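Protein chains in written order, with this note's numbering: chain L, 1217 to 1486; chain W, 8 to 268.
Even for Gly, the Cβ is constructed at its ideal location relative to N, Cα and C.
These numbers were taken from a predicted model, which means no experiment stands behind them.
Structure first, commentary second.
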């Protein structure tokens, strides 16, 4: 279960891409040992937040600390050392397509350790067993279903026994069985390995099931945060529209544009 | 926006792109020493860019040699100088056509494949995934491909030259079909092709072309927008830019190496 200290702390975080403001002064705490969900509509910067935590992008302002270290201020060497302490599960799985499932999971071990091949084999099989795919070790990524690919990517993400795992849209495009498997895996791995997990998702129902703490972000700011129950019971119309998946509410259905009649030139017609 | 302003912007963008690509090249070169500990990565890429390019290089070398012998013979025979056919074929191949044609074929066969492979790895988050696993894609992906290209192109050029001049190429048409004396064909080559000038030139030119093609290919792939259109453009740009750069560099190298300008 989560304790009170934060592994990741974002304070007044600001980030923009071109003219578009993604974060306009955001405060987020990722608590150690827990599952923190970052939710929000598509395009609100959820994946951006993971890339900022991983140091792939640098914020334009504010502070983002991982275990007390300012991520953006680290040299490449220190940043790579830091990344060994975090795993990331990409939406696409990001498996290396020319390597087998076994070699994909062995990849970080071979790159970062000097373990003998016999020991690497044992570790890889243990990680694959944890995600239920020990029997699929000889398959290639092209032979895997979407759900299996994500589980292999998860095995690879935990290969170096990181402190934190970041999941980028783990449930997107999954069938109900795969989704259930992934939900249980995320919870089980988090608790069994004493991890800290960050789950970025817009699958509200599923994410609220497993999250200890949730943030809902939109329009560059945190709209709400709290436990899953607090988010479900939020008085905010915006949060209710998002949680209940309603078409009508503060979030407009239409992208801003000129009046419809004007666009169709209705007034000009006789 | 007016035309002069657009022109200035285009030039500024091109210079910025050139600057980024030079910075990228320097980072790749700085990554090369790390390959000493992982020679297997380079050997795999040598197979991919070198061995798999052999067929097109060998076949092209044979045909280029045959055509040179055929057209050279028609020209020389009018002057009763057909014994100079070996010299003519060999110097044309070694000084110009060998390095240039091999490099052009290499850009089309291996350069485009490198750009597409790296571009697709970027588009499918494989490069980002590596970064997040604390593995530098420049060291793990780009550097071995760059080094393999540098090693492979001079070797392929040598094979191209041998095939063009030798028994299946110029020799076959000139000696076996058109009746030029075999002794005259080979002794002409022996007398007129200088090691210090012509053979070294093959390696200098193909070395420079190797840098040009692989640099353009890996940079285009690495900087491609992560979309299908981006990868497609990177592949096309690799072949177009490499071809133009090879032809331009060849002119300069010929001027410098043979002092003909």
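First and last residue of the uninterrupted beta strand (DSSP E) at residue i
| i | result |
| --- | --- |
| residue 1231 of chain L | 1222 to 1233 |
| residue 1279 of chain L | 1277 to 1282 |
| residue 1303 of chain L | 1302 to 1305 |
Alpha-carbon to alpha-carbon, residue j and residue i
| i | j | result |
| --- | --- | --- |
| residue 94 of chain W | residue 132 of chain W | 53 Å |
| residue 268 of chain W | residue 260 of chain W | Only weak support exists for where residue 268 of chain W lies, its pLDDT of 46 falling under 50; the coordinates are left without a value. |
| residue 1264 of chain L | residue 1274 of chain L | 10 Å |
| residue 142 of chain W | residue 1392 of chain L | 34 Å |
| residue 1293 of chain L | residue 1410 of chain L | 26 Å |
| residue 163 of chain W | residue 218 of chain W | 14 Å |
| residue 1287 of chain L | residue 1306 of chain L | 20 Å |
| residue 1460 of chain L | residue 1435 of chain L | 19 Å |
| residue 1457 of chain L | residue 1298 of chain L | 38 Å |
| residue 111 of chain W | residue 255 of chain W | 12 Å |
| residue 1401 of chain L | residue 61 of chain W | 48 Å |
| residue 26 of chain W | residue 244 of chain W | 17 Å |
| residue 1235 of chain L | residue 1276 of chain L | 12 Å |
| residue 75 of chain W | residue 224 of chain W | 31 Å |
| residue 1333 of chain L | residue 1237 of chain L | 48 Å |
| residue 1331 of chain L | residue 1270 of chain L | 26 Å |
| residue 189 of chain W | residue 91 of chain W | 11 Å |
| residue 196 of chain W | residue 87 of chain W | 18 Å |
| residue 1452 of chain L | residue 1443 of chain L | 15 Å |
| residue 29 of chain W | residue 114 of chain W | 19 Å |
| residue 20 of chain W | residue 14 of chain W | 10 Å |
| residue 186 of chain W | residue 82 of chain W | 15 Å |
| residue 1316 of chain L | residue 135 of chain W | 19 Å |
| residue 1262 of chain L | residue 1256 of chain L | 7 Å |
| residue 1268 of chain L | residue 1281 of chain L | 10 Å |
| residue 1231 of chain L | residue 1433 of chain L | 14 Å |
| residue 1438 of chain L | residue 24 of chain W | 38 Å |
| residue 1447 of chain L | residue 1304 of chain L | 25 Å |
| residue 168 of chain W | residue 129 of chain W | 37 Å |
| residue 1397 of chain L | residue 1285 of chain L | 34 Å |
Strand pairing of residue i, partner residues [DSSP]
| i | result |
| --- | --- |
| residue 1253 of chain L | L/1415, L/1430 |
| residue 183 of chain W | Looking at the DSSP assignment, residue 183 of chain W forms no beta bridge with any residue, so it has no partner. |
| residue 1286 of chain L | L/1281 |
| residue 1239 of chain L | L/1231 |
| residue 1246 of chain L | L/1224 |
For residue i, the three-state DSSP class (helix, strand or coil)
| i | result |
| --- | --- |
| residue 140 of chain W | coil |
| residue 1439 of chain L | strand |
| residue 1410 of chain L | coil |
| residue 1347 of chain L | coil |
| residue 1479 of chain L | helix |
| residue 1471 of chain L | coil |
| residue 264 of chain W | helix |
| residue 203 of chain W | helix |
| residue 105 of chain W | helix |
| residue 100 of chain W | helix |
| residue 1425 of chain L | helix |
| residue 91 of chain W | helix |
| residue 16 of chain W | helix |
| residue 167 of chain W | helix |
| residue 1338 of chain L | helix |
| residue 1369 of chain L | helix |
| residue 1273 of chain L | coil |
Burial state of residue i, where buried means 16 or more other Cβ atoms lie within 10 Å
| i | result |
| --- | --- |
| residue 1386 of chain L | buried |
| residue 1471 of chain L | exposed |
| residue 97 of chain W | buried |
| residue 151 of chain W | buried |
| residue 1311 of chain L | buried |
| residue 1384 of chain L | buried |
| residue 234 of chain W | exposed |
| residue 257 of chain W | buried |
| residue 1421 of chain L | exposed |
Element boundaries [alpha helix (DSSP H), containing residue i]
| i | result |
| --- | --- |
| residue 82 of chain W | 61 to 84 |
| residue 1267 of chain L | 1262 to 1269 |
| residue 1383 of chain L | Taken as a continuous stretch (DSSP letters only), residue 1383 of chain L belongs to no alpha helix (DSSP H), being part of the beta strand (DSSP E) at 1380 to 1384. |
| residue 1330 of chain L | Premise fails: residue 1330 of chain L is in no alpha helix (DSSP H) and is neither H nor E. |
| residue 1454 of chain L | 1453 to 1459 |
| residue 230 of chain W | Neither: residue 230 of chain W is in no alpha helix (DSSP H) and is coded neither H nor E. |
| residue 193 of chain W | 189 to 199 |
| residue 115 of chain W | From DSSP, residue 115 of chain W is part of no alpha helix (DSSP H); its letter is neither H nor E. |
| residue 1466 of chain L | Run containing residue 1466 of chain L: none; DSSP gives neither H nor E here. |
| residue 1447 of chain L | 1444 to 1448 |
| residue 1293 of chain L | 1292 to 1299 |
| residue 46 of chain W | 46 to 52 |
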